[in-house]
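**Student:** Numbering-wise (this note's numbering), the sequence shown opens with residue 356 and increments by one. Ideal Cβ placement from N, Cα and C applies to all residues, glycine included. Note that the structure is a prediction, hence the values are computed from the model and not measured.
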Amino acid sequence: MELFHVSGKLSGMTRAPGVVATNGRMRFWLDGHLIELEHVDPTRTVLQFLREDLCRKGTKEGCAEGDCGACMVVLAELDGQGERLVVSAVNSCIQFLPTLDGKELITVESLTADGAGLHPVQQAMVECHGSQCGFCTPGIVMSLFALYKNQQRPSRRDIDDALAGNLCRCTGYRPIVAAASAMYDIQVSADDWLRRPGEIAQGCEDRVKRLRELERRDSLALESGGRRFFAPRTLDELVHLVAEHPDATLLAGGTDVALWVTKQHAQLDTLIHLGAVQGLADVRVLDGRIEIGAAATLELAAPVILAHHPLLHEVLRRFASPPIRNVATLAGNIANGSPVGDLIPVLMAADASLVLRSTGGARELPLDSFYDAPRDQRLARGEFIERIHFPLARRGAALRCYKVSKRYDQDIAAVCVAVLLELDAGHVCSIRIAFGGMAAAVRRAPSCEAALIGQTWDAPTVERAMAVVPRDFEPITDLRGTAAYRMRTAQNLLWRLYLETQGELGESIHAYGRHD
């Protein structure tokens, strides 16, 4: 990688010899300096750039897969309308460097770059004894900084959620949670955007202006060592790029793709990034459905989904962690096709469909017809997921989802079940049931559905449906659970559904062990 221009001076910059010619350059802001890079390895991570090129050692590498939070940084970017800042914590270990184009990067060193002393978040961590060995501390500070900039007075549950992506093995979380509350009470003298809680503060307007200056009118194309990165701006450009490079890896949030590189050491020759395509990050309600673009993050889509399907609050909150939700996409979850993907059962039970796009135009395919085999989708060569159609709930129908895992936060499900149930006068008018973790791919349960449809919604009916679940699935045994455990859990979750519809359960799973 070659750094060919920095507005101002930052220490630790290096030039790599022997780079090939490129036809583009990426730009982003760091501590008030405009960083412009060319010859960027498409799969070089932000963490590698910070530690190896800038010698910024505050950002740590722990897991290299987005689980521990030691590598946390914060990104500031413009919203879809270009009017306001969106401030998000992300895992730099799985964020590819070219995706910073047009954004502002904030690291733990940035918080004291003005020379005004410790940031209120850092000062609160000191005063509340929130650090011990210190390895995880910079990442925790950055997660709390994102909270500090997004909320004025968070609840305990908000604090718990903000820290769900950070693991600490020494201190325990009580003093860290105390610091999260105390950081708002620390007086600041500098009237600087970084040091003021909430979005609106002096310096916010300047940042919006600077980011507008970086907005592209053309597509970004980078090359290094024969490996290429494309970030098209329009859907037509994306369609033709995918047709021209049908073996390219499509990159949305990268929370799965990045692990192919950091864990499997895969060599990805061509990446096509969806994040800059105009309109592809849109989430809208139209014609009785929610339309979710392939580049829309879960954090952006979740509020719209919850407005129409409020019973999904738990599974959406438990999807990975905030830094993952800030970049992960529903389309990526579907394209990955994991048999334990949290949201595929939800979408399948809701009768979601996919809009698939290629040079031949668009076609719509029901999600439950998308998978031929594990991670084997019905995509033609040169075709990609453009958007997801998520139907709104019909009157009298409710969409529910239950996830069972070893940890509450940021864990992969052993079993996940989603059910769309419609009752009329105590009878089952319609029902769709989809299970994750029970087979080599997420699948519906046809025998179980058949045992319920048209029947009285009562205990004997539900017990009969539970008894036929083994006709639909032969689960495996792995580190998350035995086949017997999975089967019994799947059956019990149907019983839980029945009890909830009867009003016999007063406390949700989400409330257990959590604090308001």
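(1) What are the start and end residues of the beta strand (DSSP E) that includes residue 442?
(2) Let's test the definition: count the other Cβ atoms within 10 Å of the Cβ of residue 436 and tell me whether it reaches 16, buried, or not, exposed.
(3) Please report the straight-line C-alpha distance between residue 781 and residue 854, rounded to a whole angstrom.
(4) Identify, in the order they occur along the chain, each residue of the same chain with its Cβ nearer than 6 Å to the Cβ of residue 614, setting aside the five sequence neighbours on each side.
(5) Using a Cβ-Cβ cutoff of less than 8 Å, which residues in the same chain neighbour residue 699 once the five nearest sequence positions on both sides are dropped?
(6) Please go through the stretch 608 to 632 and give each complete alpha helix (DSSP H) segment of 4 or more residues, from N-terminal end onward.
(7) Taking only beta-carbon atoms, is residue 752 less than 8 Å away from chain C?
(8) If you compare alpha carbons, which of 439, 404, 703 is closest to residue 428?
(9) Quick one: residues in its chain with C-beta nearer than 8 Å to the C-beta of residue 761, no 5 flanking neighbours on either side, listed in chain order?
(10) Apply the 10 Å Cβ neighbour rule to residue 552 and answer buried if 16 or more other Cβ atoms are within range, or exposed otherwise.
(11) How long is the line joining the alpha carbons of residue 377 and residue 576, rounded to whole angstroms?
(12) Apart from the five residues on each side of it in sequence, which residues of its chain come closer than 8 Å, Cβ to Cβ, to residue 554?
(13) Can you list, in chain order, the residues of its chain with a C-beta nearer than 6 Å to that of residue 637? Leave out the 5 residues immediately preceding and following it.
(14) Just curious, the beta strand (DSSP E) that residue 419 is in, first and last residue?
(15) How is residue 369 classed by DSSP in three states: helix, strand or coil?
(16) Output needed for residue 819: all residues of its chain with C-beta closer than 7 Å, excluding positions within five of it in sequence on either side, in chain order.
(17) With DSSP collapsed to three states, give me the class of residue 427.
(18) I'd like to confirm the pairing. Which residues does DSSP put opposite residue 721 in its beta bridges?
(19) Around the C-beta of residue 813, are 16 or more other C-beta atoms found within 10 angstroms, so that it is buried, or is it exposed?
(20) By the three-class DSSP mapping on this structure, what secondary structure does residue 833 have?
(21) Contact between the stretch 624 to 631 and the stretch 570 to 590: three or more CB pairs below 8 Å?
(22) Ordered along the chain, which non-local residues of its own chain (more than five positions away) have a Cβ less than 8 Å from that of residue 838?
(23) For residue 346, is the classification buried or exposed, using 16 other Cβ atoms within 10 angstroms of its Cβ as the cut-off for buried?
(24) Could you pull the start and end residues of the beta strand (DSSP E) that residue 873 belongs to?
(25) Pull up the DSSP beta-bridge partners for residue 648, would you.
(26) Going by CA-CA distance only, name the one from 511, 449, 507, 745 that's closest to residue 619.
(27) Quick check: is any heavy atom of the ligand MG less than 7 Å from the C-beta of residue 567?
(28) Nearest CA to the CA of residue 454: which residue from 714, 632, 540?
(29) Could you say if the stretch 708 to 720 and the stretch 749 to 756 meet the contact criterion of at least three C-beta pairs nearer than 8 Å?
(30) For residue 539, does the three-state DSSP call read helix, strand or coil?
(31) Give the straight-line distance between the Cα atoms of residue 528 and residue 397, rounded to the nearest whole angstrom.
(32) Leaving out five residues before and five after residue 848 in sequence, what residues of the same chain have Cβ atoms less than 6 Å from its Cβ?
(33) On the DSSP bridge assignment, give the partners of residue 492 in chain order.
(34) In chain order, which alpha helix (DSSP H) runs of at least 4 residues are fully inside the stretch 644 to 695?
(35) Report buried or exposed for residue 493, applying the criterion of at least 16 other Cβ atoms within 10 angstroms of its Cβ.
(36) Out of curiosity, what's the CA-to-CA distance linking residue 606 and residue 596?
**Tutor:** The answer reads as follows:
(1) 440 to 446
(2) exposed
(3) 14 Å
(4) 420
(5) Within the same chain, residue 699 has close Cβ partners 688, 689, 692, 693, 722, 789, 791, 797.
(6) For the stretch 608 to 632, whole alpha helix (DSSP H) runs of length 4 or above, ordered along the chain, are 612 to 617.
(7) Within the model displayed, chain C is absent; a lone protein chain is all it includes.
(8) Checking every option, the nearest Cα to that of residue 428 belongs to 404.
(9) When the five nearest sequence neighbours on each side are left out, the beta carbons in the same chain lying within less than 8 Å of the beta carbon of residue 761 are those of 769, 835, in order along the chain.
(10) buried
(11) Residue placement at residue 377 is poorly supported in this model, since its pLDDT is 37, which falls under 50; the coordinates still yield a value, given next. For residue 377 and residue 576, the distance between alpha carbons rounds to 8 Å.
(12) 439, 440, 442, 504, 505
(13) Closer than 6 Å at the Cβ level, and outside the excluded window around residue 637, lie 648.
(14) For residue 419, there is no enclosing beta strand (DSSP E), as DSSP marks it with neither H nor E.
(15) With a pLDDT of 38 at residue 369, under the threshold of 50, the modelled position of that residue is not reliable, and no figure is offered here.
(16) Spatial neighbours of residue 819 in its own chain (CB-CB distance under 7 Å, excluding positions within 5 residues in sequence) are listed in chain order as 806.
(17) Reduced to three states, the DSSP call for residue 427 is strand.
(18) 708
(19) exposed
(20) strand
(21) Below 8 Å, enough C-beta pairs join the stretch 624 to 631 and the stretch 570 to 590 to call them touching: three or more.
(22) 829, 830, 831, 832
(23) The shown model of the chain, from 356 to 871, leaves out residue 346, and the question about it has no answer.
(24) Since the displayed the chain opens at 356 and closes at 871, residue 873 lies outside it and no answer follows.
(25) 742
(26) 449
(27) For the ligand MG, the structure offers nothing, since it holds no ligand at all.
(28) 632
(29) no
(30) helix
(31) 36 Å
(32) 757, 772
(33) The partner list for residue 492 (beta bridge, DSSP) is empty, contrary to what the question assumes.
(34) 653 to 663, 668 to 672, 677 to 680, 685 to 691
(35) buried
(36) 13 Å
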